[in-house]
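So for the sequence shown, my numbering puts the first residue at 2; every next one is plus one. Beta carbons are placed, not taken as given, at the ideal position from N, Cα and C, and that holds for glycine.
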Amino acid sequence: MNQTILITGINECIGQRAAELAIQRGMKVKGFQLTPDKNKQNQLGIDVITGDINDSAILEKACQGVDIVLHAAEITKEGGKLKDFQKVNVDGTVTLARAAKKAGAKTFIHMSSVLVYGFDYLNNIAEDGKLKGDNNPYCQTKIEAEDAILKFNDPSFGVVIIRAGDVYGPGSIPWVVRPVTMMRQNMFACVNDGKGVMNHVYIDNLVEAVFLAIEKQPYGEIFNITDGSETTWKEYFTRLAATVNLAPPFSLPKDEIKLFLQLRHQGQKLFRKEADILPESVDFMTRPYAYSIAKAKNLLNYQPKINLDEGMQLTKQWLQQQ
Numbered sequence: 002m003n004q005t006i007l008i009t010g011i012n013e014c015i016g017q018r019a020a021e022l023a024i025q026r027g028m029k030v031k032g033f034q035l036t037p038d039k040n041k042q043n044q045l046g047i048d049v050i051t052g053d054i055n056d057s058a059i060l061e062k063a064c065q066g067v068d069i070v071l072h073a074a075e076i077t078k079e080g081g082k083l084k085d086f087q088k089v090n091v092d093g094t095v096t097l098a099r100a101a102k103k104a105g106a107k108t109f110i111h112m113s114s115v116l117v118y119g120f121d122y123l124n125n126i127a128e129d130g131k132l133k134g135d136n137n138p139y140c141q142t143k144i145e146a147e148d149a150i151l152k153f154n155d156p157s158f159g160v161v162i163i164r165a166g167d168v169y170g171p172g173s174i175p176w177v178v179r180p181v182t183m184m185r186q187n188m189f190a191c192v193n194d195g196k197g198v199m200n201h202v203y204i205d206n207l208v209e210a211v212f213l214a215i216e217k218q219p220y221g222e223i224f225n226i227t228d229g230s231e232t233t234w235k236e237y238f239t240r241l242a243a244t245v246n247l248a249p250p251f252s253l254p255k256d257e258i259k260l261f262l263q264l265r266h267q268g269q270k271l272f273r274k275e276a277d278i279l280p281e282s283v284d285f286m287t288r289p290y291a292y293s294i295a296k297a298k299n300l301l302n303y304q305p306k307i308n309l310d311e312g313m314q315l316t317k318q319w320l321q322q323q
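Written out as structure tokens, the structure is:
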């Protein structure tokens with residue numbers, strides 16, 4: 002694979018792992034990130050550019066000599082000001098696509114999310130299912146970004162959209178680091194007895210789907226990518242607690258947790274502290290059903306290789322090293 006890939010958000014969980022696995026495949030990797038990262042040394046020796054995702058001059062420089070763009074940079078918080086999300090998730094995607102097209106890149110893989118379906122959707126919803134922003138800035142801007150990027154798809158510039166499930170594994174902030182931190186402080190609870198489905202995808206399975214999309218070039222297509230197994234929220238968080246030798250988390254009703262988090266958030270605001278967890282996160286942890294990955298299996302020949310047992314074992318090893 003004598004190709005050059007530019008990965009945005011290379012300092013985050015998905016971008017970093019994609020870079021490692023791309024190098025293993027013999028690809029040349031360039032990186033772009035929104036903020037300088039003092040904690041993470043660039044051990045892979047990758048040329049990383051830091052800058053504003055809406056600075057077209059910087060992005061054009063980053064896209065020079067690039068065949069493929071994997072766009073994984075985004076604002077991923079559970080809540081906040083819509084305009085802040087739009088600036089990065091929507092405007093930034095458009096600015097990057099323009100720069101990539103101008104520089105002669107051939108393939109643009111856009112990392113989206115299953116959260117484009119909102120929080121309440123039909124069981125086994127497929128890619129043509131109804132999209133819902135549900136008044137959440139993350140969900141809304143991921144829908145808007147998909148709409149904007151698909152307009153760039155043409156024979157000279159192929160766009161593929163990957164709707165990632167709940168990404169866990171080494172480096173995952175929302176589904177590993179934050180819950181484990183809260184469990185250790187005895188502040189984590191399952192919502193409504195952990196009913197509903199956690200649509201987990203182990204990080205390597207997700208990146209494998211990206212490489213399949215690069216290889217098979219299904220331009221103009223959208224794919225749901227999860228591990229394809231229906232795991233309850235309770236089972237997932239119980240397994241996660243076990244990786245750090247903690248008892249299974251207790252459970253509280255949704256309204257109680259939301260109220261507690263709202264009060265906590267107000268208290269943090271009062272002391273000008275940044276919120277560590279937002280009340281909206283409860284909506285993310287009560288989604289009811291599985292998403293269908295039939296299309297990815299059919300068109301990409303996607304088969305999730307790492308199951309939950311192995312994924313948790315690898316996550317446990319990573320947590321022990323941290």
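Please report the straight-line C-alpha distance between residue 16 and residue 196, rounded to a whole angstrom.
The residue given as residue 16 occupies position 15 in the sequence shown. The residue given as residue 196 occupies position 195 in the sequence shown. Looking at the two C-alpha atoms, the distance is approximately 31 Å.
Measure how close the beta-carbons of residue 24 and residue 72 come, nearest whole angstrom, since I'm counting them as under 8 Å.
Translated into the one-based positions of the sequence shown, residue 24 becomes position 23. Translated into the one-based positions of the sequence shown, residue 72 becomes position 71. No, residue 24 and residue 72 are not in contact; Cβ-Cβ is about 19 Å, not under 8 Å.
What is the rounded straight-line gap between the Cα of residue 243 and the Cα of residue 316?
The residue labelled residue 243 in the question sits at position 242 within the sequence shown. The residue labelled residue 316 in the question sits at position 315 within the sequence shown. Computed Cα separation, rounded: 11 Å.
State the CB to CB distance for the pair residue 57 and residue 96, rounded to an integer number of angstroms; the pair is presumed to be in contact (CB under 8 Å).
Mapped onto the sequence shown, residue 57 falls at position 56. Mapped onto the sequence shown, residue 96 falls at position 95. Contact flag correct, Cβ pair sits at about 6 Å.
In chain order, what residues of the same chain lie with their CB nearer than 6 Å to the CB of residue 273, ignoring the 5 residues before and after it?
Here the question's residue 273 lines up with position 272 in the sequence shown. Contacts found: none.
Consult DSSP for residue 76 and reduce its assignment to one of helix, strand or coil.
Taking the first residue of the sequence shown as 1, we reach residue 76 at position 75. Looking at residue 76 - three-state DSSP - the assignment turns out to be coil, as it is neither helix nor strand.
Put residue 11 into one of helix, strand or coil per three-state DSSP.
Translated into the one-based positions of the sequence shown, residue 11 becomes position 10. Coil at residue 11, not helix or strand.
Beta carbon of residue 138 nearer than 8 Å to that of residue 93
Residue mapping note: residue 138 aligns to position 137 of the sequence shown, counting from 1. Residue mapping note: residue 93 aligns to position 92 of the sequence shown, counting from 1. No, the pair does not count as a contact, with Cβ atoms beyond the cut-off.
Could you give the DSSP three-state label for residue 114: helix, strand or coil?
For this step, residue 114 is matched to residue 113 along the sequence shown. Reduced to three states, the DSSP call for residue 114 is strand.
For residue 288, which option in 191, 183, 21 and 241 has the closest C-alpha, if you only look at C-alpha atoms?
Counting from one through the sequence shown, the residue named residue 288 turns up at place 287. The option with the nearest alpha carbon to residue 288 is 191.
How should residue 251 be labelled, buried or exposed, when 16 other C-beta atoms within 10 angstroms of its C-beta is the threshold for buried?
Position 250 of the sequence shown holds residue 251. Its Cβ having fewer than 16 others within 10 Å, residue 251 is exposed.
Please name the residue, chosen from 113, 172, 18 and 228, that lies closest to residue 76 on a Cα-to-Cα basis.
Locating residue 76 in the sequence shown gives position 75, where the first residue counts as 1. Closest option to residue 76, Cα to Cα, is 113.
According to DSSP, is residue 163 part of a helix, a strand, or is it coil?
Reading the sequence shown from its first residue, position 162 is the one you call residue 163. Strand, per DSSP.
Quick one: is residue 165 buried, meaning 16 or more other Cβ sit within 10 Å of its Cβ, or exposed?
Position 164 of the sequence shown, counted from the start, is the residue given in the question as residue 165. Classification for residue 165: buried.
For residue 309, count the other beta carbons within 10 Å of its own beta carbon; 16 or more makes it buried, fewer makes it exposed. Which is it?
The sequence position of residue 309 within the sequence shown is 308, counting from 1. Answer is buried; the Cβ neighbour count reaches 16.
DSSP three-state label for residue 5, please.
On the sequence shown, position 4 is the one that residue 5 refers to. It is a strand residue.
Classify residue 36: buried if its beta carbon has 16 or more other beta carbons within 10 angstroms, exposed otherwise.
If you number the sequence shown from 1, residue 36 lands on position 35. With fewer than 16 other Cβ atoms within 10 Å, it is exposed.
Answer yes or no: the CB of residue 290 versus the heavy atoms of the ligand ATP, is any distance below 7 Å?
Judged by which ligands are present, the structure shown has none, so any question about the ligand ATP falls away.
Pair within 8 Å by beta-carbon distance, residue 126 and residue 168
Here residue 126 refers to the residue found at position 125 of the sequence shown. Here residue 168 refers to the residue found at position 167 of the sequence shown. No.
If you follow the beta strand (DSSP E) that residue 253 is in, where does it begin and where does it stop?
Taking the sequence shown and counting its residues from 1, one reaches residue 253 at position 252. Where residue 253 is concerned, the enclosing beta strand (DSSP E) stretches over 251–253.
Along the chain, where does the beta strand (DSSP E) that runs through residue 272 open and close?
Residue 272 sits at position 271 when you count from the first residue of the sequence shown. Taken as a continuous stretch (DSSP letters only), residue 272 belongs to no beta strand (DSSP E), as it is neither H nor E.
CB-CB length for residue 19 against residue 47, believed under 8 Å
Residue 19 sits at position 18 when you count from the first residue of the sequence shown. Residue 47 sits at position 46 when you count from the first residue of the sequence shown. 11 Å between Cβ atoms; not a contact.
If we ignore side chains and look at the alpha-carbon of each, how far apart do residue 314 and residue 179 end up?
One-based indexing of the sequence shown puts residue 314 at position 313. One-based indexing of the sequence shown puts residue 179 at position 178. Roughly 18 Å separates the two Cα atoms.
With a threshold of 8 Å on Cβ separation, who are the neighbours of residue 234 within its own chain once the five nearest residues in sequence on each side are excluded?
In the sequence shown, the residue the question calls residue 234 occupies position 233. Once the five neighbours on either side are set aside, the close Cβ partners of residue 234 are 191, 192, 195, 196, 197, 198, 199, 286 and 287.
Enumerate in chain order the residues of its own chain whose CB-to-CB distance from residue 185 is below 8 Å, with the five nearest sequence positions on each side excluded.
Position 184 of the sequence shown, counting from 1, holds the residue named residue 185. 245 and 247.
Could you tell me the alpha carbon to alpha carbon distance between residue 236 and residue 255, rounded to whole angstroms?
By one-based count along the sequence shown, residue 236 stands at place 235. By one-based count along the sequence shown, residue 255 stands at place 254. Going by the C-alpha atoms only, they are around 17 Å apart.
For the putative contact between residue 134 and residue 119, defined by C-beta atoms under 8 Å, what is the C-beta separation to the nearest angstrom?
In the sequence shown, the residue the question calls residue 134 occupies position 133. In the sequence shown, the residue the question calls residue 119 occupies position 118. Correct: roughly 7 Å between the Cβ atoms.
Nearest-angstrom Cα separation, counted from residue 226 out to residue 306
Residue 306 sits at position 305 when you count from the first residue of the sequence shown. Residue 226 sits at position 225 when you count from the first residue of the sequence shown. C-alpha separation (whole angstroms): 13 Å.
Note down the Cα distance separating residue 152 from residue 295, rounded to an integer number of angstroms.
Here residue 152 refers to the residue found at position 151 when the sequence shown is read from its first residue. Here residue 295 refers to the residue found at position 294 when the sequence shown is read from its first residue. Cα-Cα distance, rounded: 25 Å.
CA nearest to the CA of residue 297, picked from 224, 290, 231 and 29
The count along the sequence shown starts at 1 and reaches residue 297 at position 296. Of the candidates 224, 290, 231 and 29, the one whose C-alpha sits nearest the C-alpha of residue 297 is 224.
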